[in-house]
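**Q**
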Amino acid sequence: MAKTEVKTSLLDNMIGVGDMVLLEPLSEETFIDNLKKRFDHSEIYTYIGSVLISVNPYRPLPIYSPEKVEEYRNRNFYELSPHIYALSDEVYRSLRDQDKDQCILITGESGAGKTEASKLVMSYIAAVCGKGAEVNQVKEQLLQSNPVLEAFGNAKTVRNDNSSRFGKYMDIEFNFKGDPLGGVISNYLLEKSRVVKQPRGERNFHVFYQLLSGASEELLNKLKLKRDVSRYNYLSLDSAKVNGMDDAANFRTVRNAMQIVGFPDHEAESILEVVATVLKLGNIEFKPDSRVNGLDESKIKDKNELKEICELTGIDQPVLERAFSFRTVEAKQEKVSTTLNVAQAYYARDALAKNLYSRLFSWLVNRINESIKAQTKVRKKVMGVLDIYGFEIFEDNSFEQFIINYCNEKLQQIFIELTLKEEQEEYIQEDIEWTHINYFNNTIICDLIENNTNGILAMLDEECLRPGIVSDETFLEKLNQVCATHQHFESRMSKCSRFLNDTSLPHSCFRIQHYAGKVLYQVEGFVDKNNDLLYRDLSQAMWKASQALIKSLFPEGNPAKINLKRPPTAGSQFKASVATLMKNLQDKNPNYIRCIKPNDKKAAHIFNETLVCHQVRYLGLLENVRVRRAGYAFRQVYEPCLERYKMLCKQTWPHWKGPARSGVEALFSELEIPVEEYSFGKSKIFIRNPRTLFKLEDLRKQRVEDLATLIQKIYRGWKCRTHFLLMRKSQIMIAAWYRRYAQQKWYQKTKSSALVIQSYIRGWKARQILRELKHQKRCEEAVTTIAAYWHGTQARRELSRLKEEARKKHAIAVIWAYWLGSKARRELRRLKEEARRKHAVAVIWAYWLGLKARRELRRLKEEARRKHAVAVIWAYWLGLKVRREYRKFFRSYAGKKIYEFIIQRIMQNYFLEMKNKMPSVSPIDKNWPSRPYLFLDSTHKELKRIFHLWRCKKYRDQFTDQQKLIYEEKLEASELFKDKKALYPSSVGQPFQGPYLEINENPKYKKLKDAIEEKIIIAEVVNKINRANGKSTSRIFLLTNNNLLLADQKSGQIKSEVPLVDVTKVSMSSQNDGFFAIHLKEGSEAASKGDFLFSSDHLIEMATKLYRTTLSQTNQKLNIEISDEFLVQFRKDKVCVKFIQGSQNNGSVPMCKRKNNRLLEVAVP
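Rendered as structure tokens:
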């Protein structure tokens, strides 16, 4: 199910005031306090109507995630809390849906976050516009142009570690669908004086430090550079490293960005050659020299730097050396060459460095424009983003600050004009009466600077073009003459200064009252910086360079196109650029981001109220609020207004079926808000005073609390009724189940009693049958005895007859036989009588004991029968007593008792069933009875775990010590090779035998046996790989407790012996082969020839036993490296062993081939 979308109004959960227009009361103190309160709660964005104020937090905040982009996408400007994404979305939707060209003006001090704000705008536009391969390429090129321009145009200053030292205006072009097509970048006033000199605590442009830190040694050698920053005079040493800035990583980022934007490799190298040339120009030093005619001239001290510059640029060394020593002046048909003294030579060197870097930067901007410009000629929509320096007031303000502050005066002028214009257009569009607003118009200050007749820039150009002696002092004198009466100009000689008490105003300075405050300018350097003069000899020398890029940067050096006309001054060029910019901005719908720096320490959580107050003043933010509040402080479309406040009126709550405006009119009418506090437009309602809006918010908050209470009351009632019905249904069901259970118990007891009675009856009947069977047996025994006596009598009669007959025949024999027979019979009768008497006694005794036992058994049974009857009667009586007591507490106490009884019975049944359903004791048997009830889930899992542990222990207890050792080795092999070595699965089923060769029993190896005194762990025939040609030789591989030995297979002679402490690593491939390498410790005696290469059919076993033996002897784990490429040491050379796919022609031995001194290829199938 999709996540519920939550909409938060600008007025909900507001910290301070989100829109300064609603601030009440409005003053400078309350304005600063509101900014501080929001800053302390990490709310860095605040509105002034449609203007966004951004306070630099100097720390990362979690408010720029992709989720935030989706949250602000296609939302009303005031629908969510203030954010730069809200302004970006409003600008993009106005461009896409309303077909209005837009521009975003980002202003503020250095370090206020202007560059970061422009990046956030660009990233948001890139995230919400269309997708596709071509569109994504355009977006990527637009975004990647920033790192390139930042590297060449940004530098560390005392106020900002990444300060933009140029103004940038980018026009992003879109098609009718809102997809970006390309862009155009314009740059303004690069601070090229920074190339040759930086204030204390600041750095040169980033690219110099990035090149020296991030370039490879090969590239630095090609550019004739060294990595040490201190070798270059143009680079300051006190701020060479910036905390939190990785110049090497940034250099790689810049090179990658140049590739994405479209710079070929040769162009990138040419750019770096120009940068290197600028660096090396600073190392050229001059020494004074005198000519015969007495004129001073200069010469280069060390020509090595000049030579390297000429090699980089392709300029003849004499040509460049002459250009640094002479100056040629052409006037009509005459040429005059003069020598340059040391000061003039240093000026020429610095002028060349500044012009070279400035022209390179302009070329970079034009080259980026060629890459990112739109390729189609269809009509385009344009969004401009202006990231330009803010108002600057330093201790020493020069020509650069004067030009920058002039640009800010023009921006302030257009800001006031366009803000009033936008406000007036909205009132006219909504048919609201317009009230004229009085505000400070800074046109008088702009006219003081840019007037073509008597403006400061015009007089500066006139002074630069005037023949004769021209200096900064003559320029100041002219200013004092022309601008003496101007109310915004002050100097020692002006008329306005007569009324000043400030006697500290220097003679070489003038002061201008800007809209942001008074600024004192040092006139020194104004004329030279405005001239921006580069000697023609240097231009011509640069044009003669064989390096194409440098030659293209100096087209005026072409002798065929000599132009004697003086080039335009820096002031006039910047004035024309500003005029073009103002015209461009006036054609677009403006949007503003005012960036504020909270402190000068670049630290988080610090808010300097004095510094912020100064910025608020010169940015004119209070004046902007007053302009916005001069008419109506708050306005909102009817639909959102009715949706937000409809619960305050019975007519509009909960649903209003008519037009939204009618609903708002009914709402305001019922609330009895004074008519003069609001006006109805065509699509919006306008509220004049913030107090009215806050009153509506207070009423809404109270009403929301009342509605929440009502909803909670209804919900709680519903919940209680549902719970009661569920409990009643549960009690009825439990009672029914209990009655069923009681009847079942009574039936079981009755059944048990019946079974007892039946058992007694069956026992009595069995005893009756037993007595009958015994009597029948006695009768049968008596018949047998009588028959025996009868048979004896018959036998004796027959005997007597036979004796008589015999007597007659053989008297003597008969008599003797008779006597013997008589004697025998008497003895027999005596024995029989004696036996008969003994048997009779035993029978009588046994009968007596049986009779006595049966009588005792009958007595015990009778007694037990009586006791059981008493127990049954007692149990029945107790049950009756319990049931009588139970009936009294059934309705109040039955539920808990029944619940406990049911749980107990369930647990008993659960354990009894588990007893009967237990799986086998085999550890691999994964069967387990299913869980009968959900609440027994944790118990069921715990029983399963305990049972598995128990049967695993029983299984392990069966192992012998030998079996345990085998399984430990198999487990070790699994940890080392499972999912890493393709050969491992086939080794799992093979037992580890260790000594495969029976050395002790084979007389062939008697000599080898006598040489080894330790226990042999492994004895195996392996193939040793020859290090030189890759061929294999059979060797006996022996592993003992302390050593690793190699012996000849035929003779048994030991070839090599390696102590285990010298074995450092075992390397092998991930393939299904037996090839491995044993690495030896460098410097050891065994490593004199290098590492060993082997091939074996029992690789897994050998590596495992070697690993375990080394660990037990040295207490250090042996490194097992599994890789298809690894390095081995052959004597003093490092050789790469590389495994390739191929066929094995030599059985199971991998085929090795030595390619060269650095590569050994092993072919595996």
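My numbering applies: residue 1081 is where the sequence shown begins, and numbers increase by one.
Each residue gets a CB set at the ideal place from its N, CA and C atoms; glycine is no exception.
(1) For GLY1797, count the other beta carbons within 10 Å of its own beta carbon; 16 or more makes it buried, fewer makes it exposed. Which is it?
(2) Can you give me the start and stop residues for the alpha helix (DSSP H) that PRO1670 sits inside?
(3) With H, G and I counted as helix, E and B as strand and the rest as coil, what does DSSP make of GLY1394?
(4) Taking THR2190 as the reference, which of ASN2236, PHE2156 and VAL2138 has the closest Cα?
(5) Give the secondary structure of GLY2252 by DSSP, where H, G and I count as helix, E and B as strand, and everything else as coil.
(6) Whose C-alpha, out of ILE1483, ILE1389 and PHE1343, is nearest the C-alpha of ASN1446?
(7) The alpha helix (DSSP H) spanning PRO1720 covers which residue range?
(8) Quick check on the burial criterion: 16 or more other C-beta atoms within 10 angstroms. Buried or exposed for ILE1892?
(9) Would you check if the stretch 1529-1548 and the stretch 1786-1806 touch, i.e. whether three or more CB-CB distances between them fall below 8 Å?
(10) Between GLU1913 and LYS1888, what straight-line distance do the alpha-carbon atoms span, to the nearest angstrom?
(11) Counting only the same chain and skipping the five closest in sequence on each side, list residues whose C-beta sits under 6 Å from that of ALA1740.
(12) Consult DSSP for CYS1563 and reduce its assignment to one of helix, strand or coil.
(13) Closest by CA to ALA1659, which one among MET1807, TRP1826 and LYS1490?
(14) Take the Cβ of ASP1318 as the centre, count every other Cβ of all protein chains shown within 10 Å, and call the residue buried at 16 or more, exposed below.
(15) In chain order, which continuous runs of the beta strand (DSSP E) of length 3 or greater are located wholly inside the stretch 1304-1391?
(16) Return the Cβ separation of GLY1263 and LEU1222 in integer angstroms, given the expectation that the two are a contact with Cβ distance under 8 Å.
(17) Helix, strand or coil, according to DSSP, for CYS1056 in the structure here?
(18) So ARG2107 is in the beta strand (DSSP E); what residue range does that whole segment cover?
(19) Are the CB atoms of LYS1257 and GLY1210 nearer to each other than 8 Å?
(20) Tell me which same chain residues have a C-beta within less than 7 Å of the C-beta of TYR1725, skipping the five on either side of it?
(21) Tell me which residue opens and which closes the beta strand (DSSP E) that HIS1594 is part of.
(22) Only counting the same chain, and skipping five residues up and downstream in sequence, which positions put a Cβ closer than 8 Å to that of ILE1448?
(23) Counting only the same chain and skipping the five closest in sequence on each side, list residues whose C-beta sits under 7 Å from that of VAL1355.
(24) Which stretch, first to last residue, makes up the alpha helix (DSSP H) that contains PRO1146?
(25) Counting Cβ pairs closer than 8 Å, one from the stretch 2110-2123 and one from the stretch 2161-2169, do we hit at least three?
(26) Looking at C-alpha atoms only, which residue of LYS1199, ARG2025, LYS1387 and PRO1999 is the closest neighbour of LYS1219?
(27) Does the Cβ-Cβ distance between LEU1702 and PHE1254 come in under 8 Å?
(28) What residue from ILE1252, ARG1239 and VAL2208 has the CA that sits closest to ARG1280's CA?
(29) Please work out which residues of its chain come closer than 6 Å, Cβ to Cβ, to LEU2124, disregarding the five sequence neighbours upstream and downstream, and give them in chain order.
(30) Quick check: ALA2091 and ILE2116, are their CB atoms within less than 8 Å of each other?
(31) Which class does ASP1430 belong to by DSSP, given the choice of helix, strand or coil?
(32) How is MET1539 classed by DSSP in three states: helix, strand or coil?
(33) Would you mind reading off the limits of the alpha helix (DSSP H) that contains ALA2157?
(34) Just the Cα atoms here: how many angstroms apart are ASN1671 and TYR1172?
(35) Can you tell me whether DSSP reads LYS1977 as helix, strand or coil?
(36) Assuming GLU1385 and ASN1363 make a contact with CB atoms under 8 Å, what is their CB distance in whole Å?
**A** Considering the structure as presented:
(1) exposed
(2) Looking at the DSSP string, PRO1670 is not in any alpha helix (DSSP H); the run it does join, the beta strand (DSSP E), is 1669-1676.
(3) Looking at GLY1394 - three-state DSSP - the assignment turns out to be coil, as it is neither helix nor strand.
(4) VAL2138
(5) Outside the shown range of the chain, which is 1081 to 2245, sits residue 2252, and nothing can be said about it.
(6) PHE1343
(7) 1718-1725
(8) Under this definition ILE1892 is an exposed residue.
(9) no
(10) 33 Å
(11) TYR1718, GLU1719 and LEU1722
(12) Correct three-state label for CYS1563: coil.
(13) LYS1490
(14) exposed
(15) 1366-1370 and 1376-1380
(16) Sure, about 5 Å apart at Cβ, within 8 Å.
(17) Residue 1056 is absent from the model: the chain starts at 1081 and stops at 2245.
(18) No beta strand (DSSP E) contains ARG2107, which DSSP labels as neither H nor E.
(19) yes
(20) LEU1747, LEU1776 and ARG1780
(21) 1589-1594
(22) SER1225, VAL1228, LEU1229, ILE1265 and VAL1341
(23) VAL1287, PHE1288 and LEU1291
(24) 1146-1152
(25) Taking 8 Å as the limit for Cβ pairs, the verdict is that the stretch 2161-2169 does not touch the stretch 2110-2123.
(26) Closest by C-alpha distance to LYS1219, out of LYS1199, ARG2025, LYS1387 and PRO1999, is LYS1199.
(27) no
(28) ARG1239
(29) VAL2138
(30) Taking C-beta atoms as the reference points, ALA2091 and ILE2116 fail to come closer than 8 Å.
(31) helix
(32) helix
(33) Note, ALA2157: premise wrong, no alpha helix (DSSP H); beta strand (DSSP E) at 2155-2160.
(34) 11 Å
(35) helix
(36) 5 Å
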